[in-house]
Every structure is written in structure tokens, then in C-alpha cells.
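**Student:** Here it is, the structure in full.
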Amino acid sequence: MACPHVSAVTALIKSVHPNWSPAMIKSAIVTTASVTDRFGMPIQADSVPRKLADPFDFGGGHINPDRAIDPGLVYDVDTKEYNKFFNCTIGLLDGCESYQLNINLPSIAVPDLQNQVIVQRTITNIGPVEATYQAVVEAPAGVAVSVEPSVISFTAGGSRSMTFTLTFTAKQRVQGGYTFGSLTWSDQSAHSVRIPIAVRTVIQDFIADTS
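According to numbering that gives the first Met the number 0, the sequence shown is numbered sequentially starting from 0.
Here's what the structure looks like:
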């Protein structure tokens, strides 16, 4: 039932913002979703045994159509980036590891953190012209995360897009599974723009860990 619900929300957003790209609409849905259920409790995964859900279970979380109409910021991707990403996945281009980490998606996955990895994202302001956002990081367990810059301001006549970097540093030397966190840009008012983060620390690559 997820598909018809998301399709309906997508149509709703498109009717209000006909000029938004598919990536902008996806970003609006993901970054305004809730990670708690209707009772305010953490979302449970539909599994046996029961467990707290993580981004691999729910993506961005439970969608919120009202908030998705006015997300404040979006992560946009143009067709050239998608085309390069496709060519990377089928082996037509070399040196794709960095690009695959940096494609401007509203989520971050670092599958092989050995020491330190730097990831880049660009946010576009589609809210008030004058706005200041502060980064709030929930770091995955065993990982230190820093954001530069940690405060981004938009002004009248200035650029509507800003690029920032996240630096992930392994704090423990273990061959681990994925741990999860998030990055939220907050204007301390109406907008809270959250993306999920998934990181796997490794010592060396094992075939058994790549499935």
C-alpha cells in the first residue's frame, strides 16, 4: 500500500508546485517524514522478532503531506547526474566511488568507512528568501560526524543553493554492521529538514560482507 499513498502525495505536491523536479518532490517527502508513529512512539519494524525500525525499514519515515508541501529546503538532482550515476553502476565509467557517495540524494550511505570519508551535498532554499538553518547531527554509533558549514544563511539577492560537506570518522576499529543516524537542517521555526544516514565501519573487505 505504500505505492498508492506516495503516488497520491506526489500528485498533491506537483499540483501545488508544478515546476518542481521529481528529485525535489522526493526530497520534500523524505526530509519531512516522521520517525515516530501516530502515538509518538518509535516506529517498529514488521519483522520477527520485533525490533525498532531503521532507515533500511522505513526510508525517511512516515510521510506527512502537509509538511511536504512546504519543506523549506530540497536536495535536487538533474538528469545529467542520474545519467552519470547509471553509467557508473554498469561499469561504463571509472573513478565512480566518490561520485556515488556524492550524488545529491536526500540520504547518505557510507558502506565502507575504514578511517575517514568526506561526503558532499547541496541544498536549495525554496522557502522564505531570508532564512538561516543550523545543522543538527545524530551520529551513527561508533562514528564521529562533523558538518561544514554548520550554519547556512540565505539572503535576498544571494544564491538559493548552498553546498556543505560531512566528514565521517570511525571511532572504533571493528568489522561492523550498519549503524544509523541523521542530519537535520533546522530554521528553529517552521522547517526541519531531516535526511537519514547509514554507515558501516570496516577493517577490510570480506566477500561475506558484500551481500
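Cβ coordinates follow ideal geometry from the N, Cα and C atoms, glycine included.
With a Cβ-Cβ cutoff of 9 Å, do residue 109 and residue 197 count as a contact?
**Tutor:** Sequence index remark: in the sequence shown, residue 109 carries index 110 (1-based). Sequence index remark: in the sequence shown, residue 197 carries index 198 (1-based). Going by C-beta atoms, residue 109 is nearer than 9 Å to residue 197.
**Student:** Considering just the uninterrupted stretch of the alpha helix (DSSP H) at residue 68, what are its terminal residues?
**Tutor:** Looking up residue 68 in the sequence shown gives position 69. Residues 64-68.
**Student:** Does the Cβ of residue 173 have 16 or more other Cβ atoms within 10 Å, making it buried, or fewer, making it exposed?
**Tutor:** As a first step, residue 173 is located in the sequence shown; it is residue number 174 there, counting from the start. Per the 10 Å Cβ criterion, exposed.
**Student:** Can you list the beta strand (DSSP E) stretches of 3 or more residues lying completely in the segment 67-152, in chain order?
**Tutor:** Here the runs fully enclosed are 107-112, 115-124, 130-137, 142-147.
**Student:** With residue 21 as the anchor, note down where its alpha helix (DSSP H) starts and where it stops.
**Tutor:** Counted from its first residue, the sequence shown places residue 21 at position 22. Its alpha helix (DSSP H) spans residues 21-30.
**Student:** Taking the straight line between their C-alpha atoms, what separation do you get for residue 7 and residue 20?
**Tutor:** Here residue 7 corresponds to residue number 8 of the sequence shown, with the count starting at 1. Here residue 20 corresponds to residue number 21 of the sequence shown, with the count starting at 1. Going by the C-alpha atoms only, they are around 16 Å apart.
**Student:** Taking the straight line between their C-alpha atoms, what separation do you get for residue 161 and residue 47?
**Tutor:** Mapped onto the sequence shown, residue 161 falls at position 162. Mapped onto the sequence shown, residue 47 falls at position 48. About 43 Å.
**Student:** Decide if residue 85 is buried, meaning its Cβ has at least 16 other Cβ atoms within 10 Å, or exposed.
**Tutor:** The sequence position of residue 85 within the sequence shown is 86, counting from 1. Classification of residue 85: exposed, given that the 10 Å Cβ count is below 16.
**Student:** Quick check on this structure: which residue in 142, 24, 185 has the alpha carbon closest to the alpha carbon of residue 112?
**Tutor:** For the purposes of this step, residue 112 is identified with residue 113 of the sequence shown, where counting begins at 1. Residue 112 has its Cα closest to that of 142, out of 142, 24, 185.
**Student:** Run through the DSSP bridge pairs and tell me what residue 14 is partnered with.
**Tutor:** Position 15 of the sequence shown, counted from the first residue, corresponds to residue 14. Partner(s): none; residue 14 has no beta bridge.
**Student:** Kindly indicate which three-state DSSP category residue 154 falls into: helix, strand or coil?
**Tutor:** Taking the first residue of the sequence shown as position 1, residue 154 is located at position 155. Looking at residue 154 - three-state DSSP - the assignment turns out to be coil, as it is neither helix nor strand.
**Student:** Just to confirm, is the Cβ distance from residue 152 to residue 132 under 9 Å?
**Tutor:** For the purposes of this step, residue 152 is taken as the residue at position 153 of the sequence shown. For the purposes of this step, residue 132 is taken as the residue at position 133 of the sequence shown. Closer than 9 Å, so yes.
**Student:** Express the C-alpha separation of residue 179 and residue 169 in angstroms, rounding to a whole number.
**Tutor:** Mapped onto the sequence shown, residue 169 falls at position 170. Mapped onto the sequence shown, residue 179 falls at position 180. Cα-Cα distance, rounded: 13 Å.
**Student:** So, using beta-carbon positions, are residue 34 and residue 42 closer together than 9 Å?
**Tutor:** In the sequence shown, the residue the question calls residue 34 occupies position 35. In the sequence shown, the residue the question calls residue 42 occupies position 43. In this structure, residue 42 lies closer than 9 Å to residue 34 by Cβ.
**Student:** Under the three-state reduction of DSSP, which class applies to residue 190: helix, strand or coil?
**Tutor:** Translated into positions along the sequence shown, residue 190 becomes position 191. The answer is coil: DSSP assigns residue 190 none of H, G, I, E or B.
**Student:** Would you kindly check if the distance between the Cβ of residue 117 and the Cβ of residue 72 is under 9 Å?
**Tutor:** Numbered from its first residue, the sequence shown carries residue 72 at position 73. Numbered from its first residue, the sequence shown carries residue 117 at position 118. Against a cut-off of 9 Å, the Cβ pair of residue 117 and residue 72 comes out as no contact.
**Student:** Let me know if residue 194 comes out buried or exposed under the rule of 16 or more other beta-carbons within 10 Å of its beta-carbon.
**Tutor:** Position 195 of the sequence shown, counted from the start, is the residue given in the question as residue 194. It counts as buried.
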